[in-house]
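Let me begin by presenting the structure, written as structure tokens, before commenting on it.
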Amino acid sequence: MASLVDTPTTRLRRTFAYPNDDSDSDSPEAMDEQEQDSLIQTLASQNESQNESLNRILIALPLLSTIAYLRPLFNPATTSFAVFCLTSLLATAFLLYKLPPTETGIGVIDAWAGGGIDAGVGVLGRAPVEMRSPLERTLPYLNLGLVVLLILMGLVRGDERGGGFGWVSMGNVPGLVYSVAITAKVVMAGVDPEKELTGLKYGYKGA
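Per full-length UniProt numbering, residue 1 is the first one in the sequence shown, and the count goes up by one each step.
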């Protein structure tokens, strides 16, 4: 019965469990410090590669969403609104391209998602905020304000024009896309094999 619940996660954690004196010191599951570090780096590299792949997929989301605003862009009645929406979508795509996959650029969210751990700490590490350009530091907040403004503009214009659902939808899309991007980054930031497994390392007991 125990073997039925012996998941890969359980086996991995057991590998990092400190071997007690009663256990077999020659157990193939026991790992010295170098092997532990090597495994942690391998898992961290694999996780980073997966994050990069997902981030590339996410970049396509705001770019594809711009198609919906091409027609309104050439309509004098909706040109300005379409320009604002396109600006937000392109800003989201830019942030996805420039920022690390696990960072939103919004300090409060990044601190919460990273558990308060400095972004520069780790085997792989990430660029400190100070190394970013002024645009990369301010654009996340500007885009956040813009999506809120677009939602309000969509609601107001919809009321002014007799309850146009299309206006509300047009205003909501950039906010929805940006929310998906932020949520995905928070999820990726929450998966950190290096941080999780480093705490499980034990000192190797030599002969």
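Glycine is no exception: its CB is placed at the ideal position from the N, C-alpha and C atoms.
Taking only three categories from DSSP, how would you classify residue i?
| i | result |
| --- | --- |
| T102 | coil |
| F74 | coil |
| V191 | coil |
| S133 | coil |
| G114 | coil |
By a C-beta neighbour count over all protein chains shown, 10 Å radius and 16 as the cutoff for buried, is residue i buried or exposed?
| i | result |
| --- | --- |
| residue 286 | Lying before the first or after the last residue shown, residue 286 is absent from the chain, which here runs from 1 to 207. |
| G145 | exposed |
| L58 | buried |
| T66 | buried |
| S111 | Going by the sequence as given, residue 111 is Ala instead of Ser. Exposed, by the Cβ-count rule. |
| L64 | exposed |
| L99 | buried |
Between residue i and the rest of its own chain, which residues show a CB-CB distance below 8 Å, the 5 nearest in sequence each way excluded?
| i | result |
| --- | --- |
| F94 | L139 |
| L96 | N55, L58, I59, P62, A181 |
| N143 | S88, A91, T92, L95, Y178 |
| A113 | T102, T104, K185, V186, A189, G190 |
Who are the Cβ neighbours of residue i in its own chain at under 6 Å, not counting the five residues just before and after it?
| i | result |
| --- | --- |
| V148 | none |
| G125 | In this predicted model, G125 has a pLDDT of only 43, less than 50, meaning its place in the structure is not dependable enough to derive any value. |
| Y141 | none |
| P8 | Per-residue confidence for P8 stands at a pLDDT of 49, beneath the threshold of 50, marking its modelled position as unreliable; the derived number appears in the next sentence. Cβ neighbours of P8 beyond the five flanking positions: none. |
| I117 | Reliability of the predicted coordinates at I117 is poor, the pLDDT of 49 falling under 50, and no value is obtained from them. |
| V187 | none |
Can the beta-carbon of residue i be found closer than 9 Å to that of residue j?
| i | j | result |
| --- | --- | --- |
| G171 | F81 | yes |
| V177 | L89 | yes |
| residue 211 | L152 | The structure shown does not extend to residue 211, since the chain is modelled only from 1 through 207, so no value can be given for it. |
| P62 | P174 | yes |
| N47 | P193 | yes |
| S169 | G154 | yes |
Got a sec? Which residues, its chain only, sit under 7 Å from residue i by beta carbon, not counting five neighbours each side?
| i | result |
| --- | --- |
| K185 | P101, T102, E103, T104 |
Tell me, please, whether the CB atom of residue i is closer than 9 Å to any CB atom in chain B?
| i | result |
| --- | --- |
| T183 | The structure shown contains no chain B; it is built from a single protein chain. |
Discussion item. I'd like to know if the segment 96-115 and the segment 69-78 are in contact, where contact means that at least 3 CB-CB pairs between them fall below 8 Å.
Written reply: no
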